[in-house]
Each structure stands twice: as C-alpha cells, then as structure tokens.
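Shown next, in structure tokens, is the structure this report addresses.
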Amino acid sequence: MKLRTFFLVLGLISITMTSCSSDDDGGTQIELRDPEEVSIENIEEIEAFLATHFYEVEDNPTNPNFQIFTFDTIAGENSEKTPIADSPLLSDTTIIQRNVSYKLYYLTLKQGNPQERRPTFADSTLITYQGITIDNDLFDAAPNPIWLDLTQTVRGFYELLPKLNGSSGFVENPDGTFTFNDDYGMGVVFIPSGLGYFASPPAGSGILRYQPIIFSVQLYKSREADHDRDGIPSYLEDYNNNGRVNDVADGDDLGDDLDRDGLPNYLDRNDDGDDVLTIDEITDEDGNIITPYPDNDNDGIPDYLDPDFPGDNI
Ligand SMILES: [Ca+2]
Ligand SMILES: [Ca+2]
Ligand SMILES: [Ca+2]
Ligand SMILES: [Ca+2]
1222 MKLRTFFLVL GLISITMTSC SSDDDGGTQI ELRDPEEVSI ENIEEIEAFL
1272 ATHFYEVEDN PTNPNFQIFT FDTIAGENSE KTPIADSPLL SDTTIIQRNV
1322 SYKLYYLTLK QGNPQERRPT FADSTLITYQ GITIDNDLFD AAPNPIWLDL
1372 TQTVRGFYEL LPKLNGSSGF VENPDGTFTF NDDYGMGVVF IPSGLGYFAS
1422 PPAGSGILRY QPIIFSVQLY KSREADHDRD GIPSYLEDYN NNGRVNDVAD
1472 GDDLGDDLDR DGLPNYLDRN DDGDDVLTID EITDEDGNII TPYPDNDNDG
1522 IPDYLDPDFP GDNI
C-alpha cells in the first residue's frame, strides 16, 4: 500500500465559499453544485451503503498496528450477514457547516483506553488509517503509525478522532519496531462530500467529485496542539466557535481572524493585533499562564482578544 497522506492535507481547501471554482489548468470556471442538494444526495448514498453492506475486522499478523478492515455487500454466501445499519456500534452526529446540515455516521469499533486522553479537533494524533470511496476503492492508507495534525485534514475525518481514546502504551519488538497495546481506539467514519473533498478531490486519488468517502482509523496517542506557541491551545483558538480553526475573515465576518491580518488566531502570536503578544497578555511576571485568562478592564473580553487593552490602539 502506498503512503499518500498528502490527500488529507489537500482536503483542507476542498470547499470554497464561492459559486465557481477554477480547474487545474488555469482559469476555466466550473459551476459548483448546491451544497445542500449534494448533502441530501450523499446521505441517501451513505444510508443505502450502510443498509446493504457489512464489515469485517481481521487481525493483521504482519502488522498488528494496522488491522485488516473490509466491507462487502450482503449477498450470496454473505446474505446472512448483519448490515452496518443494524450494528449497535453505529452512531451519528449532525454537523452544521455554512448553514448546511450534514449527518455524519460513524462506527466506534473500539473506544480506546478510558484513562488515555481524547484528542480535540485541533490536536495532533498518532494513527494508522485507510480511506476508501463509497464504491469501495482504496485511495489512501497509512499502515504504519504517523503523527497527523487534525487541522490539516478534512472535517469528516477530524470529527471522528475526538470520539476515541488512545492506547495505554506499546512494546518494543526485538527488531526495533513498536507494537501498541491493543487497547487503542478504532473507528470508521462515513463522510458526505461536503465534509470531505466536495468538488475538488485530490488529483490522482480516483475520488469522484461529490463522492462520499469512508475512513477507518486506529488511534494510539494524541497531543494537545498549540500551533503558534502563544500559550492558548489551538482548540481554544476557534474564535467563531464553529468547530474549525481555519476560517478566514470575509466581509463583516471575522471568521477565526480577529485582527484580519490573514492569519487565523491559531497561527497568530498576536491575536488582537495590539502592541502586546498574546503570550504576554496571559502570563504573570514569572511567565506562568494565568487562568482564567486575564480581563484587566473587565469588559468581558480577555486581554489577549481585546485590542483596546492595554494601550492606545484605535
Ligand atoms: Ca472557526
Ligand atoms: Ca490574525
Ligand atoms: Ca494565537
Ligand atoms: Ca490586548
């Protein structure tokens, strides 16, 4: 299997807010389909898949960190199998994105160790995964554990990970490789294209425009991320509180970029654009972070998000 993790990275930019998008060879405008209409269509496709398919998980003797996960149709010799739709491990959640409602189905195959932390949607995670289209074509896989920054993944992917816990540890094998304890978290998520690549699947992936995709993931560890090292964890830098940290300012809407300098807060070391860095607006003289974050002028806005404090800013 080929490692092609960059697909996830590219997925970040898959949805545009405009009604047209340029194709790869320069300038030709294509009409984008209505996200709401596509969402409804995709949910129908996903629900049909869940009703007509079963899954199997097999141990992988050559790579215990990457279990063999397969789907197949309920037919012929498999006609007695239980459809995914009837699995007690299936759940769903609703995600509202740009006024469109998306139903996101996921399987919690293994919760993980409850003593281990659950990642937030903006953390780094140590995982293995595979991605297939709803037509069961493999397009991406990471069979060996890799650290993946969830802010660089498509939304349907990063919505799954906070539902799982990591594993309690690993053993080092005589050949120098590591095998994680089998109390890791394992889940599968069925992603409508609006929370995936929508009209812009990664070139060469084989994913069709507007096609739902499915990721299976094993979670081993996670780390709280602070991308700009300003002392505020990235998940708390979702300024407009919509479950994404990457929203750019657009018209009257600040998105996640309070000072409109083009850097969303989670990448901005001076979030409010005043004369004082964020880290210096949340620490005491010994450099210790003060919580709750200080609000010295008592206007309900913490200093690091308050361009009026301190000083002479307009
Ligand atoms: Ca946001
Ligand atoms: Ca900014
Ligand atoms: Ca920041
Ligand atoms: Ca300030």
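If you read the sequence shown in this note's numbering, its first letter stands for residue 1222, the second for the next number, and so on. Beta carbons: idealized from backbone N, C-alpha and C, even for Gly.
Nearest neighbour of N1463 by Cα position, chosen from N1357, I1511, Q1318, D1293, turns out to be Q1318. Nearest C-alpha to L1381 among G1494, D1307, R1339, N1486: R1339.
Counting only residues of its own chain and dropping the five nearest sequence neighbours on each side, V1259 has a CB closer than 8 angstroms to the CB of P1413, S1414, G1415, F1419, Y1431. If you check the CB distance, N1334 and N1394 do not come in under 7 angstroms. The continuous alpha helix (DSSP H) containing G1377 extends over residues 1376 to 1381.
Following the DSSP letters along the chain, one finds E1279 inside the beta strand (DSSP E) bounded by residues 1274 to 1279. At least 7 angstroms separates the beta-carbon of D1527 from that of D1478. In its chain, beyond the 5 residues on either side, T1291 have a beta carbon closer than 7 angstroms to the beta carbon of E1277. Looking at the DSSP output, D1370 bridges to S1345. Contact check for G1452 against I1503 passes: the beta carbons are separated by less than 7 angstroms. Taken from the Cβ of D1482, at least one heavy atom of ligand 2 lies inside 6 angstroms.
As the crow flies, the alpha-carbon of G1352 is around 23 angstroms from that of F1399.
In the structure shown, the three-state DSSP call for V1259 is helix. By the Cβ neighbour-count rule, P1282 is exposed, with fewer than 16 other Cβ atoms within 10 Å of its own. Of the residues D1495, S1421, R1465, the one whose Cα lies closest to the Cα of L1253 is S1421.
Between D1459 and V1466, the C-beta spacing is below 7 angstroms.
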